[in-house]
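Numbering (my numbering), first residue to last: 25 to 384.
Here's the structure we're looking at; comments come further down.
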Amino acid sequence: MKILFIVGARPNFMKTAPVVNALKKYAGVECKICHTGQHYDAKMSDVFFKQLEISEPEYYLGVGSGSHAVQTAKIMTEIEPVLLEWKPDILVVAGDVNSTIAASLTAVKLGIRIAHIESGLRSFDRTMPEEINRILTDAISDYLFVTEISGINNLKKDGVDDSKVFFVGNCMIDTLVKFLPVIEKSDSLTQYNLKPQNYFLMTFHRPANVDNPEFLLQLSEFMKEYSGDYKIVFPVHPRTRSNMEKAGVNLNDINNLVLTEPLGYIEFMSLVKDAKVIVTDSGGIQEESTFLKVPCVTVRDNTERPVTVDVGSNYLAGTNFENVKKYVDLILSGKGKNSAIPELWDGKAGERIAEILAKE
Ligand code: UD1
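Here it is, written out as structure tokens:
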């Protein structure tokens, strides 16, 4: 059997690697990786291949950036010849980025079965491009691999047949479990002159937030306010960096601010592990911080990962910074909640998925 894995953007790499690795022990299953090139900077892509020990992709489509239509269309036209030539039996896609839906839509029309890692998540906010990508990919998938119970319920409501839905756990957490010993040995804290629990870690890249100059201004005020007592570490996504420059938001006068380029996986996760609090609009970081039981304040109006709030260490604050401060102060006062690790986030999701796919 031939299985083609699609990766494209930063969060895809850590979700896909555990499944590729787990399939290695199944004789008769041949796997190849196709990188669409949605993310192409070394710091957004290559570093993950090296650190996560993922083999070089057999196919690289090099599509790069563009509007949603341009990026999606380029991926579709570039992937079609690959599918026609290699004729995989199953296409495995992950998450909710443009590469996920573009590759799936092309494959389904060629009669190729689709397996979706991290299926069923819903923010119920259709203004998010990722929500559209999730709904559409799930609608055409044959194997829907779910990370949390909410995903099963969402797929049920969408009328997906139970036989296609598999509650397997969380592949992103598999990668974290595997690399935790390496993360614990990383010298990132020394490198940035940080001590455990003496810094905030912040990331922002959602268009709904960072395309809004008023939001960026409030964000810089927030950093100023807390940088008296804590260091603030802020690895800046390319979109955010360019929007800050356009909006004239100047962070240079904030003491105690450590601005960095996007970081590699090991460096970043070691900063997550020892942070006092994380303030972010990311999807994946809500899950990684939950696993590490580090308090996380999510600056969004909704989350497609409700288990991180109901069970985990995540707080959903909305995009008003007064609310963000309320949660941050609660955490700093030591009165935050006791959290737990969600069901099946045990480092074995990739193995469960491999077992299911290898039987097909
Ligand atoms: C994409 C995903 C988002 C995910 C995020 C993780 C979609 C719709 N969005 O958002 O769900 O959370 O990846 O990072 O797929 N750029 C670079 N170098 C790169 C890649 C991008 O400079 O290697 C810049 C370009 O100016 C580009 C912008 O970042 O236009 C946005 O990149 P894009 O891939 O469109 O979306 P992300 O915001 O990264």
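Beta carbons are placed, not taken as given, at the ideal position from N, Cα and C, and that holds for glycine.
Predicted model only: the values in this text are computed from it and were never measured.
Check                                                                                                                                                             : Outcome
Inspect the beta-carbon positions of L115 and A127 and report whether they are closer than 9 angstroms.                                                           : yes
Smallest Cα separation from V323: which of I309, G342 and T314?                                                                                                   : G342
What residue does the alpha helix (DSSP H) around A139 start on, and which one ends it?                                                                           : First-last for A139: R137 to S143, but that is the beta strand (DSSP E), not the alpha helix (DSSP H).
Are the CB atoms of I141 and P112 nearer to each other than 9 angstroms?                                                                                          : no
In this structure, does DSSP put N267 in helix, strand or coil?                                                                                                   : helix
Check for me: the beta strand (DSSP E) holding K26 runs from which residue to which?                                                                              : K26 to V31
With respect to 8 angstroms, is the separation between the Cβ of P42 and the closest non-hydrogen atom of the ligand UD1 below this value?                        : no
Closer than 7 angstroms by C-beta to Q75: which residues in its own chain qualify, once you throw out the five before and the five after it? Chain order, please. : G288, Y289 and I290
Around the ligand UD1, which residues pass a check of Cβ closer than 5 angstroms to any of its heavy atoms?                                                       : A33, R34, Q62, H63, Y64, D65, M68, S89, V121, N122, P153, E154, P262 and R263
Inspect the beta-carbon positions of S174 and K188 and report whether they are closer than 9 angstroms.                                                           : no
Any contact between the stretch 181-195 and the stretch 357-377? By contact I mean 3 or more CB pairs, one from each, below 8 angstroms.                          : yes
Among the residues of its own chain, which have a CB less than 8 angstroms from the CB of G90, if the five just before and after it don't count?                  : K98
What number of angstroms, rounded off, separates the C-alpha of D334 from the C-alpha of V106?                                                                    : 42 angstroms
Nearest-angstrom Cα distance between K383 and T227?                                                                                                               : 40 angstroms
Can you tell me whether DSSP reads N338 as helix, strand or coil?                                                                                                 : strand
Counting only the same chain and skipping the five closest in sequence on each side, list residues whose C-beta sits under 7 angstroms from that of V234.         : F228, L240, R263, T264 and N267
Under 9 angstroms between the Cβ atoms of Y223 and T284?                                                                                                          : no
Expressed to the nearest angstrom, what Euclidean distance is found between the alpha-carbon atoms of L218 and S212?                                              : 8 angstroms
Count Cβ pairs between the stretch 26-44 and the stretch 196-208 that sit closer than 8 angstroms; are there 3 or more?                                           : yes
For the beta strand (DSSP E) that contains E54, what are its first and last residues?                                                                             : E54 to H59
Using a threshold of 9 angstroms, state whether the C-beta atoms of I57 and I78 are closer than that.                                                             : yes
Which ranges does the alpha helix (DSSP H) cover as unbroken runs of at least 4 residues, wholly within the stretch 197-285, from first to last along the chain?  : 212-215, 231-234, 237-250 and 262-271
Decide if A299 is buried, meaning its Cβ has at least 16 other Cβ atoms within 10 Å, or exposed.                                                                  : buried
Check the DSSP bridge columns for L115 and list the partner residues they point to.                                                                               : L28 and I138
Please tell me whether N236 has its Cβ less than 9 angstroms away from any Cβ of chain D.                                                                         : Annotation note: the requested chain D is absent from the structure, which comprises a single protein chain.
Can you check which of these residues, H261, N326, T304 and N338, is closest to F315 by C-alpha distance?                                                         : N338
Roughly how many angstroms separate the alpha carbons of L179 and I138, rounded to a whole number?                                                                : 16 angstroms
Just checking my contact of G252 with P319 at CB under 8 angstroms: how many whole Å lie between their CB atoms?                                                  : In fact, because the Cβ distance is near 20 angstroms, the residues do not count as touching under 8 angstroms.
Check this for me: beta carbons of V161 and V117, under 9 angstroms apart or not?                                                                                 : One point to set straight first is that residue 161 is Thr, not Val, in the sequence displayed. In contact: T161 and V117 (Cβ atoms closer than 9 angstroms).
Just to confirm the assignment, what range does the beta strand (DSSP E) spanning I173 have?                                                                      : Note, I173: premise wrong, no beta strand (DSSP E); alpha helix (DSSP H) at I173 to K181.
Apply the 10 Å Cβ neighbour rule to D120 and answer buried if 16 or more other Cβ atoms are within range, or exposed otherwise.                                   : buried
Is it true that the stretch 272-283 meets the stretch 243-257, where meeting means three or more beta-carbon pairs spaced less than 8 angstroms apart?            : yes
Per DSSP, what are the beta-bridge partners of I302 in this structure?                                                                                            : L225 and C320
Span of the beta strand (DSSP E) holding G189?                                                                                                                    : For the sequence presented, residue 189 should be read as Val rather than Gly. Taken as a continuous stretch (DSSP letters only), the beta strand (DSSP E) holding V189 covers V189 to F191.
Assuming I355 and V301 make a contact with CB atoms under 8 angstroms, what is their CB distance in whole Å?                                                      : 5 angstroms
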